[in-house]
Each structure stands twice: as C-alpha cells, then as structure tokens.
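In this note's numbering, the protein residues as written are 78 to 444. First the structure, in the form of structure tokens, and then the observations on it.
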C-alpha cells in the first residue's frame with residue numbers, strides 16, 4: 078500500500094500527519110510512504126529525516142495520483158481524490174459540508190477522526206482529539222505564564238515573600254486537566270471547574286481544588302461528557318463564575334464543542350472584575366467564537382489592563398510534540414482500516430461506522 082503525507086497549508090498550521098519515526102514503522106510493514114516535499118519542515122522534521130527512514134519525497138500531485146491512502150492533519154483545500162482513495166485526518170466535517178460532498182461524489186473513502194467514539198477503550202490509540210488536547214493544555218499554561226507579569230510559584234527572597242499566582246482553569250476535559258497539572262508543577266495555586274459534578278475527583282487528582290458554584294448547573298451528559306446547557310443554565314453559570322474569575326490572576330478556558338459555537342464562560346462583566354495585569358487564555362477561540370467574550374482568534378488583546386489571548390490552535394504551536402502524538406494516532410487508524418496492508422472498510426464495526434464519513438459515493442453523516 079502507498080501512503081501519502083500532505084503538507085499542511087492552512088495559515089498557522091505547523092503540524093505534519095506522519096513523523097519520520099512512524100514512517101520507519103510503516104515501511105517495515107511493507108507500506109511505501111510518499112511525503113510531499115517540505116511537509117515536515119514546519120515541525121522541524123526535514124526532508125532528509127524522511128528520506129533516511131525510507132520515505133519517497135514527491136510532489137502533491139504525485140501523492141494524489143499514486144497514493145492508496147492520503148493522511149493529513151486538517152482538511153486539505155483543493156484536493157481532488159480519486160475513486161477508492163482513502164483520506165484520513167481531522168477533517169472538521171460539521172464545518173466542511175460542501176467539501177465532503179465533493180469528495181463523496183468523487184468516490185473517495187473519507188475518514189474523520191473528529192468523530193471517533195472516545196468511550197471505546199480499543200479506540201484510545203486512534204484518539205487524535207485527546208492527543209492534541211494534551212498538547213493544548215500544556216501549551217496554554219506556558220502561554221499564560223509568559224504573558225503574566227508575576228511569578229507562578231511562591232518565592233521567598235531577601236526582598237520579601239512573593240505569593241504564588243492563582244490560576245483558574247475552566248473545563249476539566251483532557252486539555253483542562255493537563256493545564257491544571259502543568260500550572261501546579263510550575264507552583265501556582267490552581268482551581269478547576271467543570272459543569273460535570275463527576276469531574277470533581279479528576280480535578281483533585283491533579284492537585285487542584287474543585288470550584289463548587291452555588292446554584293451552578295449540573296451539565297453531566299451521556300458517556301461522562303458535558304451536555305449543552307440551556308440559556309437559563311448558562312446565565313446562572315456565568316453569574317456564579319464572575320467572583321471566582323475576578324479573584325484569579327490567570328484564567329484558562331478549555332470548553333470546546335467540535336462543530337458548534339463554544340459556550341461563553343468569561344463575560345465582559347467578569348473581565349471588568351479582574352485585576353489589571355491578569356491574563357485570560359481562550360483555547361476555544363476560533364471562527365465560531367470562543368469561551369471568552371472579548372477574545373479574538375490568534376490575537377492578544379488588552380482590555381482595562383487584562384490581557385486576553387485567543388489561542389485556538391495551540392497544538393500547532395507545539396508542532397513537534399503534537400505531530401509525534403498525532404502520527405501514532407494515524408498509524409493506529411491505518412492499522413484498523415487497512416488490515417493486511419490494504420483498505421478494507423467494515424461499516425459493521427462501530428469505530429469505522431462512526432468515523433467513515435463517505436464511502437462508495439455515499440455521504441454517510443449529515444454535516
């Protein structure tokens with residue numbers, strides 16, 4: 078089987094779908110890996126590293142012409158897959174309906190890892206959303222620490238004692254928990270919040286205090302995930318959070334809903350209650366909005382002395398680590414979809430049924 082690796086072309090995207098180490102593993106199974114020239118360079122994986130592991134460096138057109146399977150990070154613009162070709166990536170199907178229909182009509186088999194059922198233990202090695210969220214949570218704390226004018230840890234010096242920073246992390250999913258753990262390792266006093274009461278023990282497991290909101294909504298949903306709150310519940314939540322937000326030196330928000338507008342957790346009123354010099358990092362900031370009312374994607378804004386950072390693509394900023402983790406997810410996905418080295422789509426399998434968006438000319442999921 079020939080596996081093609083595309084160079085990412087979206088603005089700010091520095092990840093690559095396969096790293097040289099995984100190329101070596103795939104080559105050892107008999108697969109031939111075609112890498113678009115320069116694909117790994119933004120993540121510090123030069124062409125020479127791929128060549129040393131047996132990959133063939135080719136043009137994008139050659140990949141589209143020869144590859145049995147094409148792998149990417151984000152949805153590739155301008156791609157015209159051929160019939161029977163396999164396309165795998167984080168394709169954001171709810172945002173790319175027209176593009177997906179075109180790929181389906183072309184007869185490609187389109188696989189989007191955004192749709193992976195994360196509650197299945199045998200799907201864990203394929204879980205790209207989790208692997209990338211881990212990077213996001215870690216990087217968000219570093220971005221916040223860099224923007225914050227004080228220290229994260231308590232310091233005892235000849236000039237006096239410096240109190241530790243107070244960090245509030247909103248959302249106790251993978252990114253949130255990683256952020257809490259990272260802020261704790263830097264010495265901050267960390268508080269975590271989630272609408273799911275079951276998240277209390279997870280927050281405490283990383284050394285953070287769980288924020289109990291008086292009258293706060295119970296947002297627990299099926300499978301341990303959060304459900305979307307009603308307008309009334311959302312207003313109650315925002316009012317209850319304002320005091321906690323105002324007491325924090327750093328607020329990091331991590332509540333994302335793939336394909337949907339993120340919930341607003343930090344309102345303009347809450348920002349006005351924050352002290353000058355405070356920092357807010359919104360990891361959900363993107364085209365559909367963010368968790369913070371005044372955040373702008375990929376932009377740092379200062380409002381009344383509060384720095385608000387829209388940071389919706391932090392995984393790309395930590396490109397080497399993110400690419401390495403993602404490449405392992407791709408490797409596991411190809412093993413699931415291509416047993417024996419050739420694509421074999423089995424829609425009776427619950428994993429494949431969930432992630433195969435288009436197959437044999439049919440668009441299988443409404444986008």
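We put the beta carbon where it would ideally sit given N, CA and C, even for glycine. What you are looking at is a predicted structure, and each value in this text was computed from that prediction instead of being measured.
Margin query: Can you check which of these residues, 144, 188 and 81, is closest to residue 116 by C-alpha distance?
Written below: 81
Could you round the C-beta distance between residue 169 and residue 154 to whole angstroms and report it? I think they count as a contact, below 8 Å.
That belief does not hold up - the Cβ atoms of residue 169 and residue 154 are roughly 12 Å apart, past 8 Å.
Report task. Measure the Cβ-Cβ separation of residue 371 and residue 378 and say whether it is below 9 Å. Result -> In this structure, residue 371 places its C-beta atom within 9 Å of the C-beta atom of residue 378.
- Task: Below 6 Å CB to CB, which residues in the same chain sit around residue 347 once its five sequence neighbours on both sides are set aside?
- Result: 319 and 322
Cβ neighbour criterion (16 or more within 10 Å) applied to residue 113: buried
Would DSSP call residue 272 helix, strand or coil? In this structure, residue 272 counts as coil in the three-state DSSP scheme.
Tell me whether residue 212 sits in a helix, a strand or coil according to DSSP, three-state version.
helix
Please list the terminal residues of the continuous alpha helix (DSSP H) segment that includes residue 251. 251–262
Checklist entry - Quick one: any contact between the segment 348–356 and the segment 216–235, if contact means 3 or more CB pairs under 8 Å? => result yes
Check your understanding: Taking the continuous alpha helix (DSSP H) assigned at residue 423, which residues delimit it?
Key -> Counting along the chain, residue 423 falls outside any alpha helix (DSSP H), and DSSP gives it neither H nor E.
Could you tell me the distance, in whole angstroms, from the CA atom of residue 205 to the CA atom of residue 313? 33 Å
Q. Under 9 Å between the Cβ atoms of residue 237 and residue 331?
A. Going by C-beta atoms, residue 237 is not nearer than 9 Å to residue 331.
task: Pick helix, strand or coil for residue 83, following the three-state DSSP scheme.
output: coil
- Do you know whose CA, among 308, 340, 381 and 216, lies nearest residue 362's CA? 340
On the DSSP letters alone, give me the boundaries of the alpha helix (DSSP H) that residue 125 sits inside.
124–129
Q. Exposed or buried, which one is residue 349 when buried takes at least 16 other CB atoms within 10 Å?
A. With fewer than 16 other CB atoms across the displayed protein chains lying within 10 angstroms of its CB, residue 349 is exposed.
Open item on the list: I need the boundaries of the alpha helix (DSSP H) containing residue 247, first residue and last residue.
Closed with: Counting along the chain, no alpha helix (DSSP H) covers residue 247; the unbroken beta strand (DSSP E) around it starts and ends at 243–247.
**Report entry** Reduced DSSP category for residue 363 - H, G, I as helix; E, B as strand; rest coil
**Finding:** DSSP places residue 363 within a strand segment (E or B) once states are collapsed to three.
- Which stretch, first to last residue, makes up the alpha helix (DSSP H) that contains residue 157? Element bounds for residue 157: n/a, residue is neither H nor E.
Q.
Considering only the alpha carbon of each residue, which of 221, 176, 93 and 273 lies closest to residue 402?
A. 93
**Prompt:** Buried or exposed: which applies to residue 298, given that a residue is buried once 16 or more other Cβ atoms fall within 10 Å of its Cβ?
**Reply:** With a pLDDT of only 47 at residue 298, under the threshold of 50, the placement of this residue in the model should not be trusted, and no figure is reported.
Are there 16 or more other CB atoms within 10 angstroms of the CB of residue 231, so buried, or fewer, so exposed?
The Cβ neighbour count for residue 231, taken over all protein chains shown within 10 Å, is under 16; the residue is labelled exposed.
If you follow the beta strand (DSSP E) that residue 166 is part of, which residue opens it and which one closes it? 163–166
Can you tell me the Cα-Cα spacing of residue 258 and residue 289, whole angstroms? 19 Å
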